[in-house]
Amino acid sequence: GVSDPRVLPPPKKVQTRNHSLEIVVVVPDAQIGHRWDKTHRALRPMHDRRALDVVVQAIEILQPDRVVNQGDFLDLAPWSRHRRPMDVRDTTTPQLREAHWWQSEFVRAAPAATHDYLEGNHEARINKALTDNMPEATTTIPVGQSRSIASLETLLALDSLGVKYH
């Protein structure tokens, strides 16, 4: 699993708020991704963990009615149609694990909120690559699942978190 990547201390106290307004926290373009170091032994994040930690703290404080992940939460450089340097190969699994962890933190921070994840062009990379090269993967549904092995809902286990993917 992914160790706790937060770098800032948690907020001191969650404040109560006036429920007359709907509060929505929108999380744009985190682009969670990793690169290998020169020895190909250690991964370095390409995303800003401090910024994501601030988002979690804001969610804890605001207790929004809805948290909307605006898409491109994942970078998925290895799935791009563009040139893929060696230092981003074999980084999909770490990206998925860390993205799941951050999504679980958003849910933990505001368990009563509705959590939505909108597909961005980076998330669509997996389905596009498989449709072009291995179309059977886009329609193969694992036993006990309701979605294909290529779906982001399956890859990120979003159902287990109560996060709706759009």
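Residue numbering for the sequence shown follows the working numbering, beginning at 556 and increasing consecutively.
We treat Cβ as the ideally placed atom computed from N, Cα and C, and that holds for glycine.
- Ser701 and Glu708 have their alpha carbons spaced roughly 10 Å apart.
- Distance between Trp591 and Asp642, taken at the CA atoms: about 5 Å.
- Judged by DSSP secondary structure, Lys719 falls outside any alpha helix (DSSP H) and instead within the beta strand (DSSP E) spanning 718 to 720.
- Fewer than three pairs of CB atoms, one per stretch, sit closer than 8 Å, so the region 662 to 673 makes no contact with the region 685 to 704.
- Closest by C-alpha distance to Gly717, out of His637, Gly675, Val623, is Val623.
- The Cβ neighbour count for Glu691, taken over all protein chains shown within 10 Å, is under 16; the residue is labelled exposed.
- When the beta-carbon positions are compared, Val611 and Phe661 come within less than 8 Å of each other.
- Within the region 654 to 715, the complete beta strand (DSSP E) segments of 3 residues or longer fall at 669 to 672, listed in chain order.
- If you look at Val609, you'll find it in the alpha helix (DSSP H) that goes 604 to 617.
- Counting C-beta atoms within 10 angstroms of its own C-beta, Arg596 has fewer than 16 neighbours from the protein chains shown and is therefore classed as exposed.
- For His589, the uninterrupted beta strand (DSSP E) segment begins and ends at 589 to 591.
- With a 10 Å radius around the Cβ and a threshold of 16 neighbouring Cβ atoms, Val582 comes out buried.
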